[in-house]
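Presented below is the structure to which this report refers.
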Amino acid sequence: MNTPTPAVTPASAPVRTPPKPASDATRVRQQALRARLPLEDRQAFEDAHRGLIETAKDLQVMGANGRTVWTLRGFEFLEKEESPDSVHPGLWRQARLNMFSGLFEVCERMYQIRGMDLANMTIIEGDTGLIIIDPLTYVERAQAAMDLYFKHRPRRPVVAVIYTHSHGDHFGGVRGVIDEADVLAGKVQVIAPAGFMEEAISENLIAGPAMSRRALYQFGNLLPRGERGTVDAGLGKSWAAGFMSLIAPTRLITAPVESLVIDGIKTDFILTPGTEAPAEMMMFHPQFKVLNTAEVVTQCMHNLLPMRGAQVRDPLAWSRYINETLHRHGDRADILIAQHHWPMWGGERVRAMLRKHRDLYKFLHDQTLRLINRGYVGSEIAEMIQMPDSLAQDWSTHAFYGHLAHNVRAIYQRYLGYYEGNPAQLEALPPAAAARKTIEYMGGADAVLARARADFDRGEYRWVAQVGSQLVFADPANRAARELAADALEQLGYQSESATARNALLQGAAELRDGVPRMPGSGGTGFPRDLVRALPAAMFFDWLGIQVDGLRAVSRHIVLNWRLTGTTGEGGAEDWTLNLENGALTHHPGHSAAADASLTLARRVLDDIALGKTGLAEALEAGQVQVQGELARVHELLGLMDRPGGMFPMVEPRPGT
Ligand SMILES: [Zn+2]
Numbered sequence: 274m275n276t277p278t279p280a281v282t283p284a285s286a287p288v289r290t291p292p293k294p295a296s297d298a299t300r301v302r303q304q305a306l307r308a309r310l311p312l313e314d315r316q317a318f319e320d321a322h323r324g325l326i327e328t329a330k331d332l333q334v335m336g337a338n339g340r341t342v343w344t345l346r347g348f349e350f351l352e353k354e355e356s357p358d359s360v361h362p363g364l365w366r367q368a369r370l371n372m373f374s375g376l377f378e379v380c381e382r383m384y385q386i387r388g389m390d391l392a393n394m395t396i397i398e399g400d401t402g403l404i405i406i407d408p409l410t411y412v413e414r415a416q417a418a419m420d421l422y423f424k425h426r427p428r429r430p431v432v433a434v435i436y437t438h439s440h441g442d443h444f445g446g447v448r449g450v451i452d453e454a455d456v457l458a459g460k461v462q463v464i465a466p467a468g469f470m471e472e473a474i475s476e477n478l479i480a481g482p483a484m485s486r487r488a489l490y491q492f493g494n495l496l497p498r499g500e501r502g503t504v505d506a507g508l509g510k511s512w513a514a515g516f517m518s519l520i521a522p523t524r525l526i527t528a529p530v531e532s533l534v535i536d537g538i539k540t541d542f543i544l545t546p547g548t549e550a551p552a553e554m555m556m557f558h559p560q561f562k563v564l565n566t567a568e569v570v571t572q573c574m575h576n577l578l579p580m581r582g583a584q585v586r587d588p589l590a591w592s593r594y595i596n597e598t599l600h601r602h603g604d605r606a607d608i609l610i611a612q613h614h615w616p617m618w619g620g621e622r623v624r625a626m627l628r629k630h631r632d633l634y635k636f637l638h639d640q641t642l643r644l645i646n647r648g649y650v651g652s653e654i655a656e657m658i659q660m661p662d663s664l665a666q667d668w669s670t671h672a673f674y675g676h677l678a679h680n681v682r683a684i685y686q687r688y689l690g691y692y693e694g695n696p697a698q699l700e701a702l703p704p705a706a707a708a709r710k711t712i713e714y715m716g717g718a719d720a721v722l723a724r725a726r727a728d729f730d731r732g733e734y735r736w737v738a739q740v741g742s743q744l745v746f747a748d749p750a751n752r753a754a755r756e757l758a759a760d761a762l763e764q765l766g767y768q769s770e771s772a773t774a775r776n777a778l779l780q781g782a783a784e785l786r787d788g789v790p791r792m793p794g795s796g797g798t799g800f801p802r803d804l805v806r807a808l809p810a811a812m813f814f815d816w817l818g819i820q821v822d823g824l825r826a827v828s829r830h831i832v833l834n835w836r837l838t839g840t841t842g843e844g845g846a847e848d849w850t851l852n853l854e855n856g857a858l859t860h861h862p863g864h865s866a867a868a869d870a871s872l873t874l875a876r877r878v879l880d881d882i883a884l885g886k887t888g889l890a891e892a893l894e895a896g897q898v899q900v901q902g903e904l905a906r907v908h909e910l911l912g913l914m915d916r917p918g919g920m921f922p923m924v925e926p927r928p929g930t
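The numbering of the sequence shown is the numbering used here, which starts it at 274 and goes up by one.
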């Protein structure tokens, strides 16, 4: 999974319109699905339960501020076997499987913490200490996971941490399992795939605020837990919040396959860049015959493009790496584990799983391209692609986290971009203006509403959601339109097998009914301190650049010299010049003789300013920043910075558009 920074938490329990029951059309659809889906296949329940040492189902992990940062409470409704009409039967099954939580033994010397985070923590008992693979998302949860482990196993030091990839749910809890001083003293190794740091800090930086807002839709954090609310996140239970940390790796894996012996445990690292994350690796432990597929092969179809937004992933590489692993390690693997979901035991099953996931991404890729090359566009291909029965009858290929139609469109986007080749799109009106014209041409809102209601009664929710959205964008004050559009999204959500699509549809319905939730600001960037600290200066200045209001800045030319002290640069300092010209902020190393002002400050002070922990004025007053030249020009630059939009509207137009 990929982890945007949750910049916001609910201010208070929002006023909520209660969700509605499943309609007759939805009920009929779910009944048909129950008859068609392989619900009699119970193998995954055995796998998810196998090796359980102690459950965490009643655990409540608290943060430093007394806030709950993890609990499965509220999901008790999932104890029922039969799915309600308001949940897709396949998703209900997955949501129940993701309820297995606690400490599990995979095999002798190998344990997993599951269901205490979106991701898993794997613990290997080395000759002298512990090897931790992926320390969960947040420090508090990682500490709770270690406490649970030590309750049952001997207390030994952690000698190595392995990050399988650059997503926050696989590294953010690291300070809960090791102390950075021990890393610096050489007592603990931190191993990661090549490119880890760059990707860990960059993927959620530039578009971070927009991703955070959109992630609330993807993960359904604001939805109530329940049969008519959020039931799962596909990869695991939920997201929530906590303290995210990062300790830089001490050892990078750079060869395609590299073997290391760590505390007596031989591990073959298998790099898989460009698959589920830009920097990722799987691993094989020969002495345990365990293949750890990280997040490349899990118990669902993954997304090629998360709904929160990201760069599109490469399905061809994804399939190729699985295939190579099947051929290189498949015959020797008896157990498959991943950093989400439950393991599977038995060599034949492992190989079958690898073949299916290899073919899942290849089929999607090839068939989408075949149709692209016959001239079909993403929305058409999404209707045409059907997974072969040999895959569809295997639960692990179902799109509980990914979403088939969205993945098809992502492949289109990866190869051809948003533009479908019809030049009418090139100068199309933006959403609100287009909606006003459309509704006017269709005879006005009342006429459209009357017909849309009739379509709703016929169960045509896709179209009603679409035309309902046009009504709302034409006039967000049209209460009846909002209600109808919400009802349509809600039924679509109930029908969705993809947890992320369900969450998005239900969050959309909630915001149509009750408006955009009021949330407190993050009090800064919403970017965790450890990640800001790890930003190279060039990336930091790029990040400043996207905040400049270019149109207001267009007539200014400002040149500032920066000396950042306490860094790893020569003499413990780095020199940079920032240049604002033509409305664009650029940077280059070294100082300019033509600078308007020169600033000297410790890098950590710059971090505090960026994090909103202090302002430039306070830092100047505290003597933390020395300025030579025209201080006014520094303030002038800061005055041209725009703040991100926070809780911007998603299912209705921005005021004034
Ligand atoms: Zn993940």
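Built from N, CA and C at the ideal position, the CB exists for glycine as well.
Where residue i falls, given that 16 or more other Cβ within 10 Å makes a residue buried
i      : result
Asn393 : buried
Ser795 : Because the pLDDT at Ser795 is just 43, under 50, the model does not fix this residue reliably, and the value given afterwards should be weighed accordingly. Ser795 is buried by the Cβ-count criterion.
Lys710 : exposed
Ala528 : exposed
Thr670 : buried
Lys424 : exposed
Lys510 : buried
Arg387 : buried
Glu784 : buried
Leu457 : exposed
Val431 : buried
Arg825 : exposed
Thr344 : buried
Strand pairing of residue i, partner residues [DSSP]
i      : result
Met517 : None; Met517 has no bridge partner.
Tyr384 : Glu378 and Ile396
Asp258 : The requested residue 258 is not part of the displayed model; the chain covers only 274 to 930.
Arg498 : Thr503
Ser296 : Paired residue(s): none; Ser296 is not in a bridge.
Phe557 : Asp541 and Leu564
Pro466 : Ile526
Top-ranked residue by Cα proximity to residue i, from the options
i       : options                           : result
Arg939  : Gly885, Ala753, Met580 and Val900 : Lying before the first or after the last residue shown, residue 939 is absent from the chain, which here runs from 274 to 930.
Val878  : Arg302, Leu332, Gly839 and Phe561 : Gly839
Leu637  : Glu621, His575 and Gly620         : His575
Val530  : Thr328, Ala665 and His602         : His602
Asn680  : Met792, Thr887 and Met657         : Met657
Asp763  : Gln462, His361 and Phe813         : Checking the sequence, you will find Glu at residue 763 rather than Asp. When each option's Cα is compared against that of Glu763, the closest is His361.
His830  : Gly741, Arg806, Glu843 and Arg906 : Arg906
Leu250  : Leu664, Gly732 and Ala759         : Outside the displayed range of the chain (274 to 930) lies residue 250, so it cannot be described from this structure.
Gly741  : Ala761, Ala750, Gly732 and Asp730 : Ala761
Ala234  : Gly459, Gln416, Tyr411 and Pro427 : Nothing in the structure corresponds to residue 234, since the chain is present only between 274 and 930.
Ser771  : Phe673, Gly582 and Val721         : Phe673
Ile543  : Ala514, His438, Gln462 and Ala655 : His438
Asp604  : Trp365, Lys562 and Asp632         : Lys562
Leu642  : Asp607, Ala683, Arg631 and Trp615 : Ala683
Glu653  : Tyr634, Glu693 and Arg631         : Glu693
Ala550  : Ala473, Ala521 and Met617         : Ala473
Ser359  : Arg498, Cys573, Ile882 and Pro430 : Arg498
Leu1001 : Asp331, Ala317, Ala506 and Pro922 : Given that the chain is displayed from residue 274 to residue 930, the structure contains no residue 1001 and the question cannot be resolved.
Arg687  : Gly547, Ala321, Gly375 and Glu854 : Gly547
Pro311  : Leu664, Phe813, Phe469 and Ala506 : Leu664
Leu421  : Pro704, Asp587, Val450 and Val623 : Val450
Lys635  : Leu589, Met335, Ala308 and Glu713 : Leu589
Phe348  : Ala506, Leu533 and Glu471         : Ala506
Rounded Cβ spacing between residue i and residue j (contact assumed at less than 8 Å)
i      : j      : result
Asn477 : Met484 : 6 Å
Ala467 : Leu525 : 5 Å
Met914 : Arg486 : Actually they are not in contact, since the Cβ atoms of Met914 and Arg486 sit about 19 Å apart, beyond 8 Å.
Gly788 : Tyr490 : That pair is no contact at about 15 Å.
Proximity test, residue i beta-carbon vs ligand 1 heavy atom, cut-off 6 Å
i      : result
Ala392 : yes
Asp442 : yes
Glu568 : yes
Residue i beta carbon near ligand 3 (any heavy atom closer than 6 Å)
i      : result
Tyr649 : Questions concerning ligand 3 fall outside what the structure shown contains, since the ligands it does hold are ligand 1.
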